[in-house]
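Worksheet: the structure to be examined is printed underneath.
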Amino acid sequence: MTSAGKALDRGEPASVPAGWEVRPPDFVGVGTARSGTTWWDELIHAHPDVHRVPGVPKEVHFFDRYWDGSWSDAAIPRYHASFARPAGGLAGEWTPGYMVDFWVPPLLRRAAPETRLLVLLRDPIERFRSGLTLTENRLTLSWTPRAAANGGFQRGCYADQLQRLWGVFPREQVVVLQYERCVADPRGELRRTFEFLGLDPAPADALTAPERRVNATRVSKAALSEEQRAALARAFAPEVERLSELVPGLDLSLWGPYGLGRGSRP
Amino acid sequence: MTAAHRSARNLPLTVRARQGAIRVLRAARKIRGHRPPGPGKSPRVPAGWVVAPPDFVGIGSQKAGTSWWSALIHEHPDVHRAGGQPKELHFFDGYWEQPFTDADVERYARYFPRPPGGSAGEWTPSYMIDFWTPELVHRAAPQARILVLLRDPLERYRSGMAHTDDMDRRSLGRQDAMGAFGRGLYAQQLRRVFAAFPREQVLILQYERCRADPQGELARTFRFLGLRDVVIDPARFDRPVNATTARRVELGDELRAALTTAYAPDLAQLATLVPDLDLDLDLWPSVQATSR
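Going down the list, the protein sequences come from chains P and B. First residue of the first sequence? That's 1 in the working numbering, and the numbers climb one at a time after it. First residue of the second sequence? That's 1001 in the working numbering, and the numbers climb one at a time after it.
Here it is in structure tokens:
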């Protein structure tokens, strides 16, 4: 089954609380799947100034269906309808597929030109493994191990995706976070996230149990063989090298084989 | 009851139903017997012919005229193909799932019998996309000349979507669009090819250039393959084989603009990676965003 024809965006919220205003989102998370985005999105929404209308999901998937070029700017108000908030408050969503879907960044720019973009990246090999677990348990007609492997690889080519994003949005409107860093120092990285969003960072320090992980896969984890890990490490090497040039703050010591030495092939 | 059973009982019904269905499908696959990866039986070796790794392997790109170009290469009197052998062997397709061994190296060579002094090869345009494949091709055929035929990524995308539509007899979706787009990220793919093979072992051709000057580009291909100069009957150039017969998928202006923007970074890298490509606007209209 493909997603064709299915109304993938989750539609308008049931009702907007009285006194709230509807505006474009203040922030949109655009990447990346299997990298802790549900966890991070929850932490952001724990901030007292961030609001979400009941019924609006973390992932709105508003732009998924426009791969066929059927977009019209008339759809924009429908997107904004998901982002009501009391005056002075912030609202946003996080659909991790937006960054890999080539048609999405330009549409997002048209629908929310001022929005801040959040990108959470994870060691591409670990992301690949985690995504495999998810794919393997998803029953689709077109699924083959080969297609799943290629899809998982493409999603881990972060440099390509960031370059496409930066071709459409100014760089200062995009923050790139590292999942492993968020795990190691959740309060520090959350402060950074709040500051980027123009929020008071203080609530990050007060947060209780920020290490709680949501959406961890509940099915048995796929394992990669030694050979597969090595093949992935070699195939991702040029992509990780480009990424580290594009995002100088990236800490490669947190990413398995790439921590041994920048630019060296594992 | 084991811990695994207990945790399975906690899963939502839909997930459990899916897992059950997958188990049934996998069991059915086992009963039918697991199909070994790659092509069928290797050909019978004609008397006096020898078996060796391929002299050339075409690795890309899908929907870029590779069937046409492969057929023209096989017009050369010194290029041989044992009876019944397909253009695309897909030998390496299954080796993501299964380890590649020295026995597989030997098995690959068996697909390339040729009379002494002759040349043999194959062209599977998806080898370049499968990230595990270029280094396996190198392991199985370290001396092989590598052929890559590229086409304007927008046209490739359009043709690829028509191809998918035709093959699967189902409506297209987001995954197809993502897949078709990824197959046009040539610089990303070539980085892996150049990590496996020395540059001088790889020839990168452009479909549009081959169409404009088939005689000249074919002569270039023959020289690269170490073949003697032979003039091929121009009547052979006319008909590209395997042209998609499906209804032509047209890209609207909106999609065309989105693709142009999205391909721009990869095309800029391609220009650096392969400086002798003719990336001008007349040949590849989608280069627009890169050069302006």
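Built from N, CA and C at the ideal position, the CB exists for glycine as well.
Cβ-based neighbour list, residue i, same chain, cut-off 6 Å, excluding 5 preceding and 5 following
i: P124 (chain P); result: G156 and F236
i: W94 (chain P); result: G29, T37, D41 and K58
i: G1033 (chain B); result: Confidence at G1033 (chain B) is low in this model, with a pLDDT of 49, below 50, so the placement of that residue should be treated as unreliable; the coordinate-derived value is given next. None.
i: F1237 (chain B); result: P1214
i: Q1143 (chain B); result: none
i: M1128 (chain B); result: I1059, G1060 and Q1189
i: L1283 (chain B); result: E1208
i: H47 (chain P); result: L199 and P203
7 Å CB neighbourhood of residue i in its chain, flanking five on each side removed
i: D1278 (chain B); result: Q1206 and R1209
i: W1049 (chain B); result: P1113, R1114 and P1115
i: V107 (chain P); result: Checking the sequence shown, residue 107 (chain P) turns out to be Leu, not Val. Within the same chain, L107 (chain P) has close Cβ partners F63, Y66 and W71.
i: P77 (chain P); result: none
i: R181 (chain P); result: E189, D251 and L254
Short Cβ contact (9 Å threshold) for residue i with residue j
i: S1070 (chain B); j: Y1186 (chain B); result: no
i: P17 (chain P); j: A84 (chain P); result: yes
i: P1285 (chain B); j: L1154 (chain B); result: yes
i: Y179 (chain P); j: L120 (chain P); result: yes
i: W1123 (chain B); j: G1058 (chain B); result: yes
i: H51 (chain P); j: W20 (chain P); result: yes
i: L207 (chain P); j: P238 (chain P); result: no
i: V1202 (chain B); j: R1156 (chain B); result: no
i: A1177 (chain B); j: W103 (chain P); result: yes
i: L1270 (chain B); j: D68 (chain P); result: no
i: L15 (chain P); j: V53 (chain P); result: As written in the sequence, residue 15 (chain P) is Ser, which differs from the Leu given in the question. In contact: S15 (chain P) and V53 (chain P) (Cβ atoms closer than 9 Å).
i: Q161 (chain P); j: V240 (chain P); result: no
i: E1075 (chain B); j: I1232 (chain B); result: yes
Straight-line gap, residue i to residue j (C-alpha atoms, nearest Å)
i: L1273 (chain B); j: F1194 (chain B); result: 10 Å
i: I1073 (chain B); j: L1218 (chain B); result: 8 Å
i: A1021 (chain B); j: S35 (chain P); result: 28 Å
i: P1234 (chain B); j: R1211 (chain B); result: 12 Å
i: L192 (chain P); j: A111 (chain P); result: Correcting the residue identity first, residue 192 (chain P) is Arg in this sequence and not Leu. Their Cα atoms are separated by approximately 26 Å.
i: H1090 (chain B); j: G1252 (chain B); result: 33 Å
i: R171 (chain P); j: L43 (chain P); result: 24 Å
i: P1054 (chain B); j: V1230 (chain B); result: 21 Å
i: D200 (chain P); j: A91 (chain P); result: 15 Å
i: D73 (chain P); j: F1056 (chain B); result: 50 Å
i: A1103 (chain B); j: S1119 (chain B); result: 23 Å
i: P1265 (chain B); j: A159 (chain P); result: 10 Å
i: M1001 (chain B); j: L224 (chain P); result: Reliability of the predicted coordinates at M1001 (chain B) is poor, the pLDDT of 40 falling under 50, and the value obtained from them is presented with this limitation in mind. Roughly 28 Å separates the two Cα atoms.
i: P1125 (chain B); j: P1275 (chain B); result: 22 Å
i: G259 (chain P); j: F1224 (chain B); result: 40 Å
i: E114 (chain P); j: V174 (chain P); result: 11 Å
i: A1109 (chain B); j: A231 (chain P); result: 23 Å
i: P1046 (chain B); j: G1083 (chain B); result: 9 Å
Residue range of the unbroken beta strand (DSSP E) whose run includes residue i
i: E1122 (chain B); result: G1121 to W1123
i: Q178 (chain P); result: V174 to Q178
i: F1112 (chain B); result: From DSSP, F1112 (chain B) is part of no beta strand (DSSP E); its letter is neither H nor E.
Cβ neighbours of residue i in the same chain (closer than 8 Å, five flanking residues each side left out)
i: W1096 (chain B); result: D1130 and W1132
i: R109 (chain P); result: V168 and F169
Range covered by the alpha helix (DSSP H) that runs through residue i
i: I1073 (chain B); result: T1066 to I1073
i: I76 (chain P); result: I76 to H80
i: W40 (chain P); result: T37 to H45
i: G1040 (chain B); result: Looking at the DSSP string, G1040 (chain B) is not in any alpha helix (DSSP H), and its letter there is neither H nor E.
i: G92 (chain P); result: Taken as a continuous stretch (DSSP letters only), G92 (chain P) belongs to no alpha helix (DSSP H), being part of the beta strand (DSSP E) at G92 to W94.
i: F1222 (chain B); result: P1214 to F1224
i: Q1189 (chain B); result: Y1186 to A1196
Contact belief for residue i with residue j at Cβ below 8 Å, rounded distance in angstroms
i: Y98 (chain P); j: G31 (chain P); result: 7 Å
i: L197 (chain P); j: R116 (chain P); result: 6 Å
i: S1067 (chain B); j: Y1111 (chain B); result: Contact flag wrong, Cβ pair sits at about 18 Å.
i: L1136 (chain B); j: F1092 (chain B); result: 5 Å
i: G1182 (chain B); j: Q154 (chain P); result: 5 Å
Cutoff 9 Å: residue i Cβ touching any chain D Cβ
i: A147 (chain P); result: Checking the listed chains, one finds no chain D in this structure; the protein chains it contains are P and B.
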